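Remarks on the structure that follows.
Numbering (the numbering used here), first residue to last: 2 to 81.
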């Protein structure tokens with residue numbers, strides 16, 4: 002069960018990071034000409050896209066941690 006939950010968290014984290022990163026890249030690409038007029042506008046996609054990216058990264062790391070814990074407990078059970 003831990004492996005399933007860890008795998009789900011891992012997949013969801015990767016999807017969130019990918020979608021957030023691509024969306025931020027698209028917004029930066031569209032607003033590239035406006036950056037020369039107002040340099041502070043480049044922070045907008047970083048703030049708006051950075052929060053979901055950080056959440057996705059946290060889910061990814063949590064899923065990896067759960068998978069490692071499950072593998073270690075499985076290895077310990079085999080060695081007994």
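Glycine residues also receive a C-beta, built at the ideal position from the N, C-alpha and C atoms. Bear in mind the structure is a predicted one, so any value in this text is a computation, not a measurement.
| Query | Result |
| --- | --- |
| Let me know the secondary structure DSSP gives residue 4 once reduced to three states. | helix |
| Taking 8 Å as the cut-off, decide whether the C-beta atoms of residue 61 and residue 14 are in contact. | yes |
| Assuming the contact rule is C-beta atoms closer than 8 Å, residue 64 and residue 8 should be a hit. Round their C-beta distance to whole Å, please. | 7 Å |
| Taking the alpha carbon of residue 6 as the point to measure from, which residue in 76, 54, 71 and 77 has its own alpha carbon closest? | 71 |
| CA-CA distance, residue 55 and residue 2? | 25 Å |
| Which same chain residues, not among the five before or five after residue 11, have their C-beta less than 8 Å away from its C-beta? | 60, 61, 64, 65 and 68 |
| Compare the C-alpha of residue 17 against each of 75, 78, 80 and 57 and name the closest. | 57 |
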